[in-house]
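The structure under discussion appears below in the form of structure tokens.
There are 2 protein chains.
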Amino acid sequence: MKRFYLFLLLLTSGYLLPPASAQSVRWHEIHPGIWKGTVGKPDAYDLLKAADTEPSSTLKKLKKADFPLNNEDISVEVKNGKTYLRFPLERNEQLYGFGLNFQTIHQRGRIMQLHADHYGKSDNGRTHAPVPFYVSSLGYGVFVNSAKYIDVYAGSSVRKDSRNAPEVQDRNTDKNWQAHPYSDAVEMLVPAEGIELYVFAGPKPVNAIERFNLLSGGGCLPPRWGLGFTQRVNRLYNEEQVKAEAKAFSDKGYPLDFIGLEPGWQSKSYPCTFEWDQIRFPNPEKFVKEMDAVGVKINLWTNPYVSPDASIYSKIKPYTASNTVWNGIVPDLSMPEARKILFGQFEKEHVKIGVSGYKIDEVDGFDTYLWPDVATFPSGHTAEQLRQTYGLLVQKYSYDMFRKNNSRTYGLVRGSNAGGSSFPYVIYNDNYSHEDFITALINSGYSGVLWTPEVRASKTSEEWLRRFQTVCFSPMAMINAWASSTQPWTFPDVAEQVKDMAQLRMRMMPYWYSTFAKYHYEGTPPFRGMNLEEGFGMEINKEKTPTNLEENPYEEATAKEVKNQYMAGEYLLVAPLFTGQTSRKVILPKGKWYDFYTGKFAGEGEVITVTPGLSKIPVFVKDGGIIPMMPALLHAPKANEKVDLEIRYYGKKQAAVSSLYDDDGETFAYENNRYTWRELKVESRNGVLRGTISAPEKDKPNTIGRVTWHFMTN
Amino acid sequence: MKRFYLFLLLLTSGYLLPPASAQSVRWHEIHPGIWKGTVGKPDAYDLLKAADTEPSSTLKKLKKADFPLNNEDISVEVKNGKTYLRFPLERNEQLYGFGLNFQTIHQRGRIMQLHADHYGKSDNGRTHAPVPFYVSSLGYGVFVNSAKYIDVYAGSSVRKDSRNAPEVQDRNTDKNWQAHPYSDAVEMLVPAEGIELYVFAGPKPVNAIERFNLLSGGGCLPPRWGLGFTQRVNRLYNEEQVKAEAKAFSDKGYPLDFIGLEPGWQSKSYPCTFEWDQIRFPNPEKFVKEMDAVGVKINLWTNPYVSPDASIYSKIKPYTASNTVWNGIVPDLSMPEARKILFGQFEKEHVKIGVSGYKIDEVDGFDTYLWPDVATFPSGHTAEQLRQTYGLLVQKYSYDMFRKNNSRTYGLVRGSNAGGSSFPYVIYNDNYSHEDFITALINSGYSGVLWTPEVRASKTSEEWLRRFQTVCFSPMAMINAWASSTQPWTFPDVAEQVKDMAQLRMRMMPYWYSTFAKYHYEGTPPFRGMNLEEGFGMEINKEKTPTNLEENPYEEATAKEVKNQYMAGEYLLVAPLFTGQTSRKVILPKGKWYDFYTGKFAGEGEVITVTPGLSKIPVFVKDGGIIPMMPALLHAPKANEKVDLEIRYYGKKQAAVSSLYDDDGETFAYENNRYTWRELKVESRNGVLRGTISAPEKDKPNTIGRVTWHFMTN
């Protein structure tokens, strides 16, 4: 009898109770191969609401698919005011994504808290784009639509009730004892009383990413000029200095499409006025027009923190946070009032006089200067929610301003998140590690964002050229000389090689533009990791370093990741060299690969070693690759300007087909169907390869002049 | 009219509403100079509840004081399920504490999330003892009694409504632009719907710390043997090897009070059985007794993660977490059932046969192996709460076991928190940076915990000796040879100097024991930073490094902190040298200071440079310092064993008084008043200094034999 009462007591006090049984998620296929599930009471404000984009119309054309996971293996539980998530993992499954990581690609086994922040030299979830999306090597994706800091255990912890529990080992005697036993689940903790989840079908991993990107409108489509070259000048240059800079590019024959002005264009910065400095830029409208006349657009640096000296200060103050940033007030951009005031000012002062875009700085975070998590915002959204979405908000509402003016933009932003794929902004940061920058470029493709490995300064001409080579094979070819005042020809001994690279960038514009069109219409990341490439081994080689209990008592096997080569567009494999390297290994996936410069056969499904010399970045073309190129213009073609094409074909395949995107290149007319895909076709007739381009469509833009075919492989 | 409706809409939708007005806290003086304030609905489980200790009876004797802050400047707000805290800061105020930091002492301006964890090479709040307590240079302390991860902004953010707002600067033109403007508040975010707060009066900063320590029972009082020397042997040693080790110490004349056995004493480890290995230790009871007979006690390593092969496994399983650690199940030690099973096993298998204490490992965290925050516990407490308190729980309930057996213990633990001051455990870790270890020793004094700069291995005999010197001036003089198998004489060329240091440690036992008694009865940290010393300048010199926008765009002035000297007990200033140093600067606070070894005048209120040679660690004695010492025994005196005293006096003060603590040294009899303070008095008679000790109290312990006085300064 006593025992019974004890039992009752324990029961009522919460002891002995089994954990509240997890809810099974009810999934709805909202688009073909995209399922949405809602559990509990999700926060009213989330990433997709902040981004506020329409799903791409392409989704309608996709095929329905089977739900790619066993729903019984997914567990979602709401308790203690938080949502506990569990997704299954197969033994040999690999995971990619979880935001813009800088040092790791394979995410299985990792622990992170997804948190908008400046990258702080370790992949712990704090990054410029802490996208809560992951893609599996088994060909599906998962997205957690929350604007909170999400704790992620990506196959790192073993549950007591695991169906595939790892073997128990004795560390005293078992030399193979592992600090991290095998885990069969991705677990996540969301500090909210419910959650909205999305699952994406493949069948291939890249298809899951495409679906994720299409859900928020597909990738962005930059104007053609956005894919040219851009120079960001010294922060205190005045208009004469900027004009001189543009003239120097032109005189020396370096391409240049837009110049970025750094803080000094504003009358005050950190905090900002958003107003032109009357001494350095006495007549902004005239200045912007003059620059435009010589083919160079103007991009403006800013951050969103409002100076007491800004004319909008008093008006926007009621819609700002409790805490300041560098003594500037922080607009609550989740409120229409704040947006209207801030971007109203932008539109009037900048966009209306022809400014082409922005570099929006310091919206990623960095605890030491940002508003703290104890800050409050007048919308009632928490500091955490604003931090996770601020990058989305500045992109969304600045982009809307350009759309309203029917002029495409392409700029830079230092923070983004899920839902932002369709915003024409490229992420950058101050880390400046060439190796990390390439890893970030790879990871951008897993997270629906763009990243530029920008060039700033360099210690040697070798470093300068090596960095320049990679930035020309990235979403934005840029020198950022805000502090260094460098120019492409800063190192005279490599100035010609730099010019060659910049010209190559321009010549490849048709390829890049079509690549971005595929990002926009199909969701395919323009720059992406080798693991998304068919025929590239997915296995990871783990290497256990010799045990040293003294220095590393929890030593674990480290995965050897391929972080130094990537895919650019449909056909190109880029394998950069870093300072100090004269040769490197390149892993060629299955199938034949050809040297981009010579067309010669390079290898197939093997590891080759290349010694390209300083002036070349190794690039390989997939068998049957069709690469449309144009002359090395100094500026991108203007709207509807016709350019001749040189189309290269690589390999000996007797038939191949590709497509070339075309539109006016500058306006939003493409959203009203004013675009075309031209078929590029290679066939063999009587043993001789021939290339053709389909005829232009009636009433559609046509910027294609004379077409020449080059069969690169003999 | 329309405007009015818009206003209503905005109002009801949360826009335009002023932030919910902060509540003013109602403070109650619960002990003299200690105020408690409760706001909202604090969590039912908190740090003090986990530690579950009684406040020290000393508190009754303290004087009442005025509330040390302006209550109007304190703001506490509960919203969005969280508690928002704000405490004021004066312009020149400095802050210390916020847990066991390893690289910083001055905490003003810092941002951290207090989070139980292994120290990860940066002071971001993740540490072995993330104590939510800070002390101000103005002489007050603040404690936030929450077992959650607390976000701390220790004077780092500026509020829009700041009364002392910093000057707005323009980064374009102002060379003194600061990345971190001055802030006048400590802000904290506690993820709970209310909070219990404590404020401690001074008048001096050290008094606020004393009050904080006394609130949870005062500091711990180790047994005398705990302050001797301890050796932790190789993890796989068997009983014969352990006996041989003890014999070698004795044969060579090195003191030794207890030996620590590492994982191999258990039949299996990682996860653990808590049972003796029958091959390495076939007869544990006999072994422990034999060791005790030669004056050496046994301490056992363990972690709390239960192996499926442990005899308690099935019994404890219902009271364990959802997730495992190294495949071991995790007892929910907030449940009496779990504690009873685990410590019942410990008591039966270890304590009852004479084991003297434990080293409780891996209770601090380290995400890569610990239970994740998505784990659930049968008590219903969250993984976060268990993580913040697990170190407290293992200390509390293992200590209770020894108390029940009326035998004091002194051991090691890798995690602790606020409330744990009275538990006789010293914190350690794997970081093994000599410099960081000294910084941690200093910070332990601000956080109510103890820390040992343990010696493991060394690359050179110089490093070995330098490390050994500091560990002998710390709470636990220890070599941890678990992986290295080192011994004090491992480096033959410094073996004699090491022996001298170990003997000095033993000779100083009366001083150390009284120092700990003051920790216990008065709350005074035995080892502490110079900033708590009167006459030591509190000002911080900030040094702005030359601006390099390229490499560090948010460069800030860095504070020059004094991290390489500290106070040990009432009188001693310790200034260790690190590898590579032959001389160093020492800052002597105001007042005269004397060389510990020679008694010679060293300086007063000045910076001196010392070149002590390899065999000495510079130690200075405050003017009028009375240092009781004893012969260099190989083992601490047994309970009630009498030892002769040599009492040293430093300086030329004509009168001084100190007190010497005495009790049996081994049992809990002191809790029943079985202790005594003997007065040590120096007076001048006819110009000649004379020392006296007060007579023993009737019916009180008396372990003092013959007393000799040495007047060190001529």
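Sequence order for the protein chains is A and B.
For the first sequence, numbering that gives the first Met the number 0 gives the first residue as 0, with consecutive numbering after it.
For the second sequence, numbering that gives the first Met the number 0 gives the first residue as 0, with consecutive numbering after it.
Cβ coordinates follow ideal geometry from the N, Cα and C atoms, glycine included.
These numbers come from a predicted model, not from an experiment.
Under the three-state DSSP convention, the category residue i falls into
i, result
"Thr702 (chain A)", "coil"
"Ala669 (chain B)", "It should be noted that the sequence gives Tyr, not Ala, for residue 669 (chain B). Note: Tyr669 (chain B) maps to helix in three-state DSSP."
"Pro335 (chain A)", "helix"
"Trp511 (chain A)", "helix"
"Thr714 (chain A)", "What is shown of chain A runs 0 to 713, which leaves residue 714 (chain A) out entirely."
"Asn100 (chain A)", "coil"
"Ile311 (chain A)", "coil"
"Asn639 (chain B)", "coil"
"Gln720 (chain A)", "Since the displayed chain A opens at 0 and closes at 713, residue 720 (chain A) lies outside it and no answer follows."
"Asn322 (chain A)", "strand"
"Ala601 (chain A)", "strand"
"Asn716 (chain A)", "An answer regarding residue 716 (chain A) cannot be provided, because it is not within the stretch 0 to 713 covered by chain A."
"Thr581 (chain A)", "coil"
"Met400 (chain A)", "helix"
"Pro303 (chain A)", "coil"
CA-to-CA distance, residue j to residue i, given in whole angstroms
i, j, result
"Lys358 (chain B)", "Asp399 (chain B)", "16 Å"
"Tyr715 (chain B)", "Ile149 (chain B)", "What the structure shows of chain B is the stretch from 0 to 713, and residue 715 (chain B) is not part of that stretch, so it cannot be assessed."
"Glu521 (chain A)", "Ser74 (chain B)", "52 Å"
"Ala374 (chain A)", "Ala115 (chain A)", "16 Å"
"Pro165 (chain A)", "Asp65 (chain A)", "30 Å"
"Tyr565 (chain B)", "Thr469 (chain B)", "11 Å"
"Phe101 (chain B)", "Gly418 (chain B)", "21 Å"
"Glu195 (chain B)", "Asn206 (chain B)", "21 Å"
"Tyr510 (chain A)", "Arg647 (chain A)", "10 Å"
"Pro627 (chain A)", "Tyr649 (chain A)", "12 Å"
"Thr408 (chain B)", "Ile315 (chain B)", "25 Å"
"Trp463 (chain B)", "Ser268 (chain B)", "30 Å"
"Val493 (chain B)", "Val681 (chain B)", "37 Å"
"Met508 (chain B)", "Cys219 (chain B)", "16 Å"
"Ser420 (chain A)", "Gly227 (chain A)", "20 Å"
"Ile567 (chain B)", "Phe132 (chain A)", "In the sequence on display, residue 567 (chain B) carries Ala and not Ile. Between Ala567 (chain B) and Phe132 (chain A), the C-alpha separation is close to 53 Å."
Residue i versus the options, residue with shortest Cα-Cα distance
i, options, result
"Ala292 (chain B)", "B:Leu255, B:Tyr269, B:Leu84, B:Ser266", "B:Leu255"
"Leu613 (chain B)", "B:Thr323, B:Ile625, B:Ser582", "B:Ser582"
"Arg125 (chain A)", "A:Val77, A:His117, A:Phe577", "A:His117"
"Arg231 (chain B)", "B:Ala337, B:Met477, B:Leu385, B:Thr578", "B:Met477"
"Thr438 (chain B)", "B:Met505, B:Trp708, B:Thr229, B:Ile104", "B:Ile104"
"His127 (chain B)", "B:Leu188, B:Lys637, B:Ser446, B:Val354", "B:Ser446"
"Gln502 (chain A)", "A:Lys147, A:Pro487, A:His27", "A:Pro487"
"Asn479 (chain B)", "A:Gly259, A:Leu548, A:Gly356, A:Val324", "A:Leu548"
According to DSSP, residues forming a beta bridge with residue i
i, result
"Leu188 (chain B)", "B:Tyr83, B:Asp150"
"Gly356 (chain B)", "B:Asn298"
"Ile194 (chain B)", "B:Val38"
"Asn479 (chain A)", "A:Arg231"
The ligand SAH heavy atom lying under 7 Å from the CB of residue i
i, result
"His179 (chain A)", "As presented, the structure is devoid of all ligands, the ligand SAH included, so that no description of it is given."
**Prompt:** Taking Cβ-Cβ distances below 9 Å as the criterion, which residues of the stretch 301-319 of chain A are in contact with chain B?
**Reply:** Ser306, Pro307, Asp308, Lys316, Pro317, Tyr318, Thr319
**Asked** Using Cβ-Cβ distances below 8 Å, what residues of the stretch 445-456 of chain A are close to chain B?
**Response** Arg455, Ala456
**Contact residues within the stretch 150-166 of chain B, judged by C-beta distance below 9 Å to chain A** = Asp150, Tyr152, Ser155, Ser156, Val157, Arg158, Lys159, Asp160, Ser161, Ala164, Pro165, Glu166
**Selection of the stretch 92-108 of chain A by Cβ proximity to chain B, strictly under 9 Å** = Gly108
**Request:** Using a Cβ-Cβ cut-off of less than 8 Å, list which residues of the stretch 347-375 of chain A approach chain B; keep chain order.
**Result:** Phe365, Asp366, Thr367, Tyr368, Trp370, Pro371, Asp372, Val373, Ala374, Thr375
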